[in-house]
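Report on the following structure.
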Amino acid sequence: MAFPARLPIPDAVLHIAQQLEAAGYETWCVGGAIRDNLLGVENHDFDLTTAAPPAEVRRLFKRTVPVGIEHGTVAVLDQQKRQHEVTTFRKDIKTDGRHAVVEFGVSLMDDLARRDFTINAIAYHPIRHEWRDPFHGADDLEHKLIRSVGDANWRFQEDYLRILRALRFSARFEFRIHPRTLEAAKANVQGLAQLSAERVRDEWFKGIKTAKRVSKLLALWMDVGATRIWLPEIRKTGNGKGEPGNVDKLPRDPVLITAFLASDPASLLTRLKSSNKDIERGRAIGQWRDKYPDPNRLSSVRKWLADVGEYADDLLVLFTAGTAPRSPLPAVVESIRAAKDPLTVKDLAVKGEDLLAAGVRPGPDVGETLGRLLAEVLEDPSRNTRDYLLSRV
(Lines of atoms letter the chains of each structure in order from A and count residues from 1; the text may use other names and numbers.)
(Lines give C-alpha, C1' and ligand atoms only; values in the text may rest on other atoms or scores of the structure.)
Protein backbone atom coordinates (compact mmCIF):
# COMPACT_ATOMS: atom_id res chain seq x y z
CA MET A 1 0.00 0.00 0.00
CA ALA A 2 1.42 3.37 -1.03
CA PHE A 3 1.25 6.16 1.52
CA PRO A 4 -0.58 9.33 0.47
CA ALA A 5 1.48 12.50 0.29
CA ARG A 6 -0.64 14.08 3.02
CA LEU A 7 -3.35 13.21 5.52
CA PRO A 8 -6.26 15.57 6.32
CA ILE A 9 -5.16 16.48 9.84
CA PRO A 10 -7.71 18.62 11.73
CA ASP A 11 -6.53 22.17 12.42
CA ALA A 12 -6.75 21.74 16.20
CA VAL A 13 -4.50 18.66 16.10
CA LEU A 14 -2.06 20.38 13.77
CA HIS A 15 -1.88 23.38 16.12
CA ILE A 16 -1.04 21.10 19.08
CA ALA A 17 1.68 19.35 17.09
CA GLN A 18 3.15 22.68 15.94
CA GLN A 19 3.30 23.99 19.50
CA LEU A 20 5.04 20.85 20.76
CA GLU A 21 7.51 20.87 17.88
CA ALA A 22 8.22 24.59 18.40
CA ALA A 23 9.13 23.75 22.00
CA GLY A 24 11.64 21.21 20.71
CA TYR A 25 9.62 18.02 21.17
CA GLU A 26 9.27 15.54 18.30
CA THR A 27 5.58 14.83 17.71
CA TRP A 28 3.77 12.34 15.46
CA CYS A 29 0.19 11.30 14.70
CA VAL A 30 -0.47 7.66 15.56
CA GLY A 31 -3.24 5.18 16.25
CA GLY A 32 -6.59 4.30 14.78
CA ALA A 33 -7.06 7.50 12.80
CA ILE A 34 -3.95 6.73 10.74
CA ARG A 35 -5.14 3.18 10.07
CA ASP A 36 -8.68 4.24 9.23
CA ASN A 37 -7.58 7.01 6.87
CA LEU A 38 -5.41 4.55 4.98
CA LEU A 39 -8.41 2.24 4.73
CA GLY A 40 -10.66 5.08 3.58
CA VAL A 41 -12.72 4.90 6.77
CA GLU A 42 -13.74 8.26 8.19
CA ASN A 43 -12.01 8.97 11.49
CA HIS A 44 -11.08 12.41 12.81
CA ASP A 45 -9.91 11.33 16.26
CA PHE A 46 -6.18 11.80 15.68
CA ASP A 47 -3.94 10.95 18.64
CA LEU A 48 -0.47 12.38 19.06
CA THR A 49 2.67 10.83 20.51
CA THR A 50 5.51 13.09 21.55
CA ALA A 51 8.90 13.29 23.21
CA ALA A 52 7.48 15.85 25.65
CA PRO A 53 6.98 14.50 29.21
CA PRO A 54 3.41 14.74 30.57
CA ALA A 55 4.30 17.64 32.86
CA GLU A 56 5.70 19.57 29.92
CA VAL A 57 2.55 18.96 27.86
CA ARG A 58 0.49 20.38 30.71
CA ARG A 59 2.80 23.38 30.96
CA LEU A 60 2.63 24.16 27.24
CA PHE A 61 -1.18 24.15 27.01
CA LYS A 62 -3.61 26.12 29.13
CA ARG A 63 -6.45 23.62 29.15
CA THR A 64 -5.58 19.97 29.71
CA VAL A 65 -7.11 16.91 31.37
CA PRO A 66 -4.86 14.18 32.88
CA VAL A 67 -6.93 11.34 31.37
CA GLY A 68 -4.18 8.74 31.81
CA ILE A 69 -1.21 10.61 33.12
CA GLU A 70 0.31 7.55 34.82
CA HIS A 71 0.67 6.11 31.32
CA GLY A 72 1.79 9.42 29.85
CA THR A 73 -1.52 10.56 28.32
CA VAL A 74 -2.78 14.13 28.64
CA ALA A 75 -5.86 15.41 26.80
CA VAL A 76 -5.45 18.89 25.35
CA LEU A 77 -8.70 20.83 24.92
CA ASP A 78 -9.21 22.92 21.80
CA GLN A 79 -11.37 26.04 21.56
CA GLN A 80 -14.52 23.92 21.21
CA LYS A 81 -13.49 22.00 24.37
CA ARG A 82 -12.89 18.82 22.38
CA GLN A 83 -10.21 16.56 23.81
CA HIS A 84 -7.14 15.53 21.81
CA GLU A 85 -4.95 12.90 23.44
CA VAL A 86 -1.21 13.53 23.60
CA THR A 87 0.91 10.65 24.90
CA THR A 88 4.59 10.71 25.71
CA PHE A 89 6.86 8.21 23.90
CA ARG A 90 6.93 5.15 26.14
CA LYS A 91 7.84 1.53 26.44
CA ASP A 92 6.71 -1.15 28.86
CA ILE A 93 9.27 -2.18 31.45
CA LYS A 94 6.98 -4.43 33.50
CA THR A 95 3.49 -5.87 33.07
CA ASP A 96 1.19 -8.38 34.75
CA GLY A 97 -1.11 -8.87 31.76
CA ARG A 98 -3.50 -6.21 33.02
CA HIS A 99 -1.41 -3.19 33.98
CA ALA A 100 1.88 -1.98 32.57
CA VAL A 101 4.65 0.07 34.16
CA VAL A 102 5.98 2.36 31.45
CA GLU A 103 9.16 4.30 30.89
CA PHE A 104 9.06 7.72 29.26
CA GLY A 105 11.65 9.56 27.21
CA VAL A 106 12.23 6.79 24.69
CA SER A 107 12.12 7.08 20.90
CA LEU A 108 9.28 6.90 18.40
CA MET A 109 10.61 3.50 17.34
CA ASP A 110 10.38 2.20 20.92
CA ASP A 111 6.88 3.60 21.18
CA LEU A 112 5.70 1.90 17.99
CA ALA A 113 7.35 -1.36 19.05
CA ARG A 114 5.11 -1.62 22.13
CA ARG A 115 1.88 -1.35 20.13
CA ASP A 116 -0.44 -4.29 19.65
CA PHE A 117 -0.77 -4.85 15.90
CA THR A 118 1.18 -3.73 12.87
CA ILE A 119 -1.80 -1.87 11.41
CA ASN A 120 -1.84 0.27 14.57
CA ALA A 121 1.93 0.90 14.56
CA ILE A 122 2.11 3.41 11.72
CA ALA A 123 3.10 7.03 12.40
CA TYR A 124 2.65 10.20 10.35
CA HIS A 125 4.37 13.52 10.92
CA PRO A 126 1.67 16.21 10.55
CA ILE A 127 4.15 18.98 9.72
CA ARG A 128 6.85 17.27 7.65
CA HIS A 129 4.37 14.79 6.10
CA GLU A 130 6.73 11.88 6.72
CA TRP A 131 5.72 8.29 7.42
CA ARG A 132 7.17 5.67 9.76
CA ASP A 133 6.09 2.06 9.31
CA PRO A 134 8.82 -0.14 10.83
CA PHE A 135 6.60 -3.23 11.13
CA HIS A 136 5.07 -3.09 7.63
CA GLY A 137 1.57 -2.28 8.80
CA ALA A 138 0.69 -0.82 5.39
CA ASP A 139 1.40 -4.18 3.78
CA ASP A 140 -0.86 -5.90 6.30
CA LEU A 141 -3.60 -3.37 5.59
CA GLU A 142 -3.29 -4.16 1.91
CA HIS A 143 -3.42 -7.90 2.56
CA LYS A 144 -6.24 -7.54 5.13
CA LEU A 145 -4.24 -9.09 7.92
CA ILE A 146 -4.19 -8.70 11.71
CA ARG A 147 -0.64 -9.42 12.87
CA SER A 148 1.03 -8.74 16.19
CA VAL A 149 3.99 -6.40 16.46
CA GLY A 150 6.94 -8.65 17.22
CA ASP A 151 6.36 -11.82 19.22
CA ALA A 152 2.61 -12.44 19.50
CA ASN A 153 2.86 -14.37 22.76
CA TRP A 154 4.68 -11.52 24.44
CA ARG A 155 2.28 -8.92 23.04
CA PHE A 156 -0.71 -10.76 24.48
CA GLN A 157 1.00 -11.45 27.80
CA GLU A 158 1.67 -7.72 28.15
CA ASP A 159 -2.08 -7.12 28.03
CA TYR A 160 -4.49 -9.98 27.52
CA LEU A 161 -7.19 -7.58 26.31
CA ARG A 162 -5.24 -7.47 23.03
CA ILE A 163 -6.64 -10.93 22.28
CA LEU A 164 -10.15 -9.47 22.23
CA ARG A 165 -8.95 -6.43 20.28
CA ALA A 166 -7.60 -8.75 17.58
CA LEU A 167 -11.03 -10.37 17.31
CA ARG A 168 -12.76 -6.98 17.17
CA PHE A 169 -10.50 -5.65 14.41
CA SER A 170 -10.89 -8.86 12.44
CA ALA A 171 -14.70 -8.66 12.62
CA ARG A 172 -14.79 -4.91 11.97
CA PHE A 173 -12.58 -4.87 8.88
CA GLU A 174 -13.18 -8.48 7.78
CA PHE A 175 -9.44 -9.12 8.04
CA ARG A 176 -8.03 -12.55 8.75
CA ILE A 177 -5.80 -13.02 11.78
CA HIS A 178 -2.22 -14.09 10.98
CA PRO A 179 -1.81 -17.80 11.83
CA ARG A 180 0.92 -17.21 14.43
CA THR A 181 -1.06 -14.39 16.01
CA LEU A 182 -4.20 -16.55 16.15
CA GLU A 183 -2.21 -19.46 17.58
CA ALA A 184 -0.81 -17.19 20.29
CA ALA A 185 -4.28 -15.85 21.07
CA LYS A 186 -5.57 -19.38 21.66
CA ALA A 187 -2.50 -20.33 23.68
CA ASN A 188 -2.92 -17.32 25.96
CA VAL A 189 -6.70 -17.18 26.14
CA GLN A 190 -6.80 -18.28 29.79
CA GLY A 191 -5.16 -14.96 30.63
CA LEU A 192 -8.48 -13.27 29.82
CA ALA A 193 -9.67 -14.44 33.24
CA GLN A 194 -7.28 -11.91 34.80
CA LEU A 195 -8.99 -8.94 33.13
CA SER A 196 -11.57 -6.77 34.82
CA ALA A 197 -15.17 -7.36 33.83
CA GLU A 198 -15.51 -3.73 32.80
CA ARG A 199 -12.69 -3.94 30.24
CA VAL A 200 -14.09 -7.17 28.79
CA ARG A 201 -17.62 -5.76 28.65
CA ASP A 202 -16.47 -2.60 26.91
CA GLU A 203 -14.52 -4.63 24.34
CA TRP A 204 -17.44 -7.01 23.71
CA PHE A 205 -19.92 -4.15 23.38
CA LYS A 206 -17.56 -2.18 21.10
CA GLY A 207 -17.12 -5.28 18.98
CA ILE A 208 -20.89 -5.65 18.59
CA LYS A 209 -21.22 -2.02 17.50
CA THR A 210 -18.41 -2.09 14.94
CA ALA A 211 -18.40 -5.61 13.44
CA LYS A 212 -19.44 -5.99 9.82
CA ARG A 213 -21.36 -9.05 11.01
CA VAL A 214 -21.91 -9.80 14.69
CA SER A 215 -22.08 -13.51 13.84
CA LYS A 216 -18.45 -13.27 12.69
CA LEU A 217 -17.41 -11.63 15.96
CA LEU A 218 -19.21 -14.36 17.89
CA ALA A 219 -17.55 -17.09 15.83
CA LEU A 220 -14.14 -15.59 16.57
CA TRP A 221 -14.80 -15.40 20.32
CA MET A 222 -15.92 -19.03 20.26
CA ASP A 223 -12.99 -20.20 18.14
CA VAL A 224 -10.40 -18.59 20.39
CA GLY A 225 -12.15 -19.75 23.57
CA ALA A 226 -13.08 -16.33 24.96
CA THR A 227 -16.79 -17.18 25.31
CA ARG A 228 -15.93 -20.15 27.53
CA ILE A 229 -14.22 -17.81 29.99
CA TRP A 230 -16.42 -14.70 29.93
CA LEU A 231 -19.65 -15.54 28.08
CA PRO A 232 -20.45 -19.16 29.05
CA GLU A 233 -24.20 -18.53 28.74
CA ILE A 234 -23.78 -18.11 24.99
CA ARG A 235 -24.24 -21.38 23.19
CA LYS A 236 -23.61 -22.13 19.53
CA THR A 237 -27.31 -21.84 18.76
CA GLY A 238 -27.75 -18.62 20.66
CA ASN A 239 -30.79 -18.82 22.92
CA GLY A 240 -31.95 -22.06 21.34
CA LYS A 241 -34.48 -20.29 19.12
CA GLY A 242 -32.40 -19.80 16.00
CA GLU A 243 -28.97 -19.92 14.44
CA PRO A 244 -26.44 -17.25 15.45
CA GLY A 245 -26.81 -15.78 11.97
CA ASN A 246 -30.15 -14.33 13.12
CA VAL A 247 -28.11 -11.98 15.29
CA ASP A 248 -27.13 -10.07 12.16
CA LYS A 249 -30.77 -9.06 11.69
CA LEU A 250 -30.85 -7.21 15.01
CA PRO A 251 -30.10 -3.53 15.60
CA ARG A 252 -26.59 -2.91 16.95
CA ASP A 253 -27.70 -2.71 20.54
CA PRO A 254 -25.08 -4.52 22.67
CA VAL A 255 -27.43 -5.34 25.55
CA LEU A 256 -30.19 -6.58 23.24
CA ILE A 257 -27.77 -8.73 21.24
CA THR A 258 -26.10 -10.12 24.35
CA ALA A 259 -29.49 -11.01 25.79
CA PHE A 260 -30.56 -12.62 22.51
CA LEU A 261 -27.50 -14.87 22.51
CA ALA A 262 -27.45 -15.82 26.18
CA SER A 263 -29.35 -18.63 27.84
CA ASP A 264 -29.43 -16.53 31.03
CA PRO A 265 -29.05 -12.87 30.03
CA ALA A 266 -29.21 -11.44 33.54
CA SER A 267 -26.46 -13.77 34.78
CA LEU A 268 -24.19 -12.85 31.87
CA LEU A 269 -24.78 -9.10 32.17
CA THR A 270 -24.17 -9.35 35.93
CA ARG A 271 -20.82 -11.07 35.33
CA LEU A 272 -19.88 -8.26 32.95
CA LYS A 273 -20.77 -5.74 35.68
CA SER A 274 -23.34 -4.02 33.52
CA SER A 275 -25.59 -1.35 34.98
CA ASN A 276 -28.60 -2.40 37.03
CA LYS A 277 -30.81 -1.03 34.26
CA ASP A 278 -29.14 -3.23 31.64
CA ILE A 279 -29.27 -6.28 33.91
CA GLU A 280 -33.01 -5.81 34.50
CA ARG A 281 -33.50 -5.37 30.78
CA GLY A 282 -31.71 -8.65 30.18
CA ARG A 283 -33.71 -10.34 32.91
CA ALA A 284 -37.00 -9.27 31.30
CA ILE A 285 -35.87 -10.50 27.89
CA GLY A 286 -34.89 -13.85 29.36
CA GLN A 287 -38.20 -14.15 31.21
CA TRP A 288 -40.54 -13.18 28.38
CA ARG A 289 -38.90 -14.10 25.08
CA ASP A 290 -40.70 -17.47 24.93
CA LYS A 291 -44.07 -16.09 26.06
CA TYR A 292 -45.61 -14.14 23.20
CA PRO A 293 -49.38 -13.60 23.00
CA ASP A 294 -51.76 -14.77 20.30
CA PRO A 295 -52.01 -11.73 17.98
CA ASN A 296 -55.57 -12.74 17.12
CA ARG A 297 -56.71 -12.10 20.70
CA LEU A 298 -56.52 -8.40 21.49
CA SER A 299 -57.12 -8.96 25.19
CA SER A 300 -54.11 -11.32 25.33
CA VAL A 301 -51.92 -8.77 23.57
CA ARG A 302 -53.03 -6.01 25.95
CA LYS A 303 -52.31 -8.21 28.97
CA TRP A 304 -48.89 -9.08 27.53
CA LEU A 305 -48.11 -5.39 27.04
CA ALA A 306 -49.17 -4.70 30.60
CA ASP A 307 -46.94 -7.50 31.92
CA VAL A 308 -43.77 -6.74 29.93
CA GLY A 309 -44.07 -2.97 30.26
CA GLU A 310 -41.11 -1.00 28.88
CA TYR A 311 -39.48 -4.13 27.44
CA ALA A 312 -42.16 -4.76 24.80
CA ASP A 313 -40.16 -3.22 21.97
CA ASP A 314 -37.09 -5.33 22.76
CA LEU A 315 -39.21 -8.47 22.74
CA LEU A 316 -40.88 -7.53 19.47
CA VAL A 317 -37.51 -6.96 17.81
CA LEU A 318 -36.31 -10.39 18.91
CA PHE A 319 -39.60 -11.98 17.85
CA THR A 320 -39.51 -10.68 14.29
CA ALA A 321 -35.77 -11.34 13.91
CA GLY A 322 -36.21 -14.91 15.09
CA THR A 323 -38.95 -17.40 14.46
CA ALA A 324 -41.78 -15.10 13.37
CA PRO A 325 -40.57 -12.52 10.84
CA ARG A 326 -44.03 -12.13 9.30
CA SER A 327 -46.12 -12.21 12.48
CA PRO A 328 -48.92 -9.62 12.71
CA LEU A 329 -48.08 -9.05 16.39
CA PRO A 330 -46.11 -5.79 15.87
CA ALA A 331 -49.00 -4.31 13.87
CA VAL A 332 -51.49 -5.35 16.54
CA VAL A 333 -49.35 -3.75 19.24
CA GLU A 334 -49.16 -0.56 17.19
CA SER A 335 -52.95 -0.46 16.83
CA ILE A 336 -53.40 -0.89 20.59
CA ARG A 337 -50.94 1.92 21.26
CA ALA A 338 -52.59 4.15 18.67
CA ALA A 339 -55.94 3.59 20.37
CA LYS A 340 -54.31 4.52 23.69
CA ASP A 341 -55.87 1.51 25.38
CA PRO A 342 -55.26 1.53 29.16
CA LEU A 343 -52.43 -0.85 30.06
CA THR A 344 -51.41 0.10 33.60
CA VAL A 345 -53.07 0.93 36.90
CA LYS A 346 -52.15 4.57 36.29
CA ASP A 347 -54.36 4.50 33.17
CA LEU A 348 -57.49 3.52 35.10
CA ALA A 349 -60.35 5.99 35.45
CA VAL A 350 -60.24 5.56 39.23
CA LYS A 351 -57.44 6.03 41.73
CA GLY A 352 -56.69 4.66 45.15
CA GLU A 353 -58.49 7.49 46.92
CA ASP A 354 -61.61 6.73 44.89
CA LEU A 355 -61.55 3.16 46.19
CA LEU A 356 -61.05 4.34 49.77
CA ALA A 357 -64.03 6.64 49.39
CA ALA A 358 -66.01 3.70 48.05
CA GLY A 359 -65.29 1.69 51.19
CA VAL A 360 -62.20 -0.35 50.28
CA ARG A 361 -60.02 -0.89 53.36
CA PRO A 362 -56.66 0.90 53.36
CA GLY A 363 -53.59 -1.24 52.72
CA PRO A 364 -53.14 -4.24 50.41
CA ASP A 365 -56.84 -4.33 49.52
CA VAL A 366 -56.45 -1.15 47.49
CA GLY A 367 -53.67 -2.57 45.33
CA GLU A 368 -55.48 -5.88 44.89
CA THR A 369 -58.67 -4.12 43.82
CA LEU A 370 -56.85 -1.91 41.32
CA GLY A 371 -55.20 -5.01 39.87
CA ARG A 372 -58.54 -6.75 39.50
CA LEU A 373 -60.08 -3.71 37.83
CA LEU A 374 -57.13 -3.44 35.43
CA ALA A 375 -57.64 -7.08 34.41
CA GLU A 376 -61.24 -6.25 33.47
CA VAL A 377 -60.16 -3.20 31.48
CA LEU A 378 -57.48 -5.16 29.64
CA GLU A 379 -60.22 -7.56 28.58
CA ASP A 380 -62.40 -4.69 27.35
CA PRO A 381 -61.03 -1.10 27.33
CA SER A 382 -64.56 0.34 27.09
CA ARG A 383 -64.99 -0.63 30.75
CA ASN A 384 -62.52 2.05 31.78
CA THR A 385 -65.08 4.50 33.09
CA ARG A 386 -65.42 5.77 36.64
CA ASP A 387 -68.98 4.56 37.00
CA TYR A 388 -68.31 1.05 35.72
CA LEU A 389 -65.17 0.55 37.77
CA LEU A 390 -66.75 1.80 41.00
CA SER A 391 -69.67 -0.53 40.35
CA ARG A 392 -67.19 -3.41 40.40
CA VAL A 393 -65.66 -2.51 43.76
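Here my numbering is used: position 89 in the sequence shown is 102, and no number is missing along the way. By construction, the Cβ of each residue, glycine as well, lies at the ideal position given by its N, Cα and C atoms. Given the structure is predicted, the values throughout are model-derived calculations rather than measurements.
For Thr-40, the enclosing beta strand (DSSP E) stretches over residues 40-43.
Apart from the 5 residues on each side of it in sequence, Pro-139 sits with its Cβ closer than 6 Å to the Cβ of Ile-22, Leu-27, Ala-30, Cys-42 in its chain, given in chain order. In this structure, the beta-carbon distance from Val-202 to Trp-243 does not fall below 7 Å. Bounds of the alpha helix (DSSP H) holding His-28 are 24-35. Cβ atoms of Val-162 and Ala-126 come within 8 Å of each other, at about 6 Å. For Gly-81, the pairing in a beta bridge is given by DSSP as Thr-86. Contact between Thr-101 and Thr-63 holds, with the beta-carbon distance rounding to 6 Å and staying under 8 Å.
Distance from the Cα of Lys-316 is smallest, within the candidate group Ser-228, Pro-306, Ile-190, for Pro-306.
Nearest in C-alpha terms to His-156, of all of Pro-355, Ser-404, Arg-189, is Arg-189. In the three-state reduction of the DSSP assignment, Leu-158 falls in the strand class, which pools E and B. Arg-168 sits buried, since 16 or more C-beta atoms from the chains shown fall within 10 Å of its C-beta. The C-beta distance from Thr-86 to Glu-98 rounds to 6 Å, short enough to meet the 8 Å contact threshold.
For Glu-389, the uninterrupted alpha helix (DSSP H) run begins and ends at 377-392, by DSSP. Ranked by Cα distance from Leu-269, the options Leu-61, Asp-291, Ala-206, Arg-284 are led by Asp-291. Segment contact: the segment 261-279 against the segment 293-311, three or more CB-CB distances shorter than 8 Å; contact assigned.
Under the three-state reduction of DSSP output, Tyr-137 falls in the strand class. When DSSP assignments are scanned along the segment 268-327, the uninterrupted stretches of alpha helix (DSSP H) that are 4 or more residues long and fall wholly within it turn out to be 278-284, 289-301, 311-321. Counting along the chain, Val-99 sits inside no alpha helix (DSSP H); it lies in the beta strand (DSSP E) bounded by residues 96-101.
The secondary-structure analysis by DSSP pairs Arg-189 across a beta bridge with Leu-158. Of all alpha-carbon atoms in Thr-357, Leu-329, Ile-298, the one lying nearest the alpha-carbon of Ala-344 is that of Leu-329.
In this structure, DSSP gives Thr-131 a helical state, which the three-state scheme calls helix. Taking a 10 Å sphere around the C-beta of Pro-267, we find 16 or more other C-beta atoms and assign the residue as buried. Per DSSP, the beta-bridge partners of Leu-61 are Cys-42, Val-99.
Distance from the CA of Ser-312 to the CA of Pro-264, rounded to the nearest whole angstrom, comes to 29 Å.
For Lys-222, the uninterrupted alpha helix (DSSP H) segment begins and ends at 210-223. Contact annotation, Ala-165 with Arg-193: C-beta distance approximately 6 Å; criterion of less than 8 Å satisfied. Ile-135 is the residue among Ser-404, Gly-335, Ile-135 whose C-alpha sits nearest the C-alpha of Asp-60. In the structure shown, Asp-172 falls within a strand segment according to DSSP collapsed to helix, strand and coil. The beta carbon of Arg-241 sits closer than 7 Å to none of the beta carbons in its chain outside the five residues before and after it. Comparing C-alpha distances from Asp-24 to each of Ile-82, Gln-93, Met-14, Gly-53 shows the shortest one belongs to Gln-93. Taken through DSSP and simplified to helix, strand or coil, Lys-262 comes out as helix. Only exposed fits Asn-56, as fewer than 16 other CB atoms lie within 10 angstroms of its CB. Under the 10 Å beta carbon count, Asp-326 is surrounded by fewer than 16 other beta carbons and is classified as exposed.
For Ser-348, the enclosing alpha helix (DSSP H) has its first and last residue at 342-351. Taking the CA atoms as reference points, Ala-151 sits about 29 Å from Gly-37.
Residues Lys-286 of the same chain have their beta carbon placed closer than 6 Å to that of Glu-211, with the five preceding and five following residues left out of the count.
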